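K.L.:
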Amino acid sequence: MSVTEATPRITAQYLENYTHQTVRILGKVTQLRGEQAVVDCGGPITVILNREAHFIQNHFFEVVGKVQQDLGVRVFASTDFGTDIDFKAYEAVVNATHQCKEIFYGDSA
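Residue numbers for the sequence shown follow my numbering, beginning at 1 and rising by one.
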């Protein structure tokens, strides 16, 4: 991932539109399964963890990763946002960025 590469914020509803692209998601960890986790981001998304990812059940994590063909997201980087997130506000931001892509991402998204 280059420093200038756009990383659109998405929820589960937008996932299939971003296959083979780098995205950002914010979701609550609902399941941990070895090298994978399931996060609820307006629907379940499977994330493939890297060695640096230390997910905690019921915590919100922001993930920067690449959407795979099977719609799993391979984690490049993640940040623990704790347990107290206003997910409705996050969804509103995501929806606004998709309604006005040119403002947020230019021509690259």
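Using N, Cα and C, we set each Cβ at its ideal position, and we do this for glycine too. Since this is a predicted model, take the numbers as computed values, not measurements.
With respect to the alpha helix (DSSP H) encompassing A96, which residues constitute its N-terminal and C-terminal limits?
P.N.:
87 to 99
K.L.:
Please state whether DSSP places A6 in a helix, a strand or coil.
P.N.:
Here A6 sits in coil by DSSP.
K.L.:
Report the start-end ranges of each alpha helix (DSSP H) in the segment 19 to 91 that is 4 residues or longer and not cut off at the edges.
P.N.:
none
K.L.:
Going by DSSP in three states, M1 sits in which element: helix, strand or coil?
P.N.:
Residue placement at M1 is poorly supported in this model, since its pLDDT is 49, which falls under 50; the coordinates are not used for a value here.
K.L.:
Expressed to the nearest angstrom, what Euclidean distance is found between the alpha-carbon atoms of A89 and A96?
P.N.:
So the two alpha carbons sit approximately 11 Å from each other.
K.L.:
Relative to the alpha-carbon of G72, which residue among P44, K28, F60 has its alpha-carbon at the smallest distance?
P.N.:
P44
K.L.:
What's the call for R51, buried or exposed, on a 16-neighbour Cβ count within 10 Å?
P.N.:
By the neighbour-count rule (16 or more Cβ atoms within 10 Å), R51 is not buried but exposed.
K.L.:
May I have the straight-line CA-CA distance separating Q36 from H98, to the nearest angstrom?
P.N.:
28 Å
K.L.:
Nearest to A92 by alpha carbon, out of T11, T7, E5, A6?
P.N.:
T11
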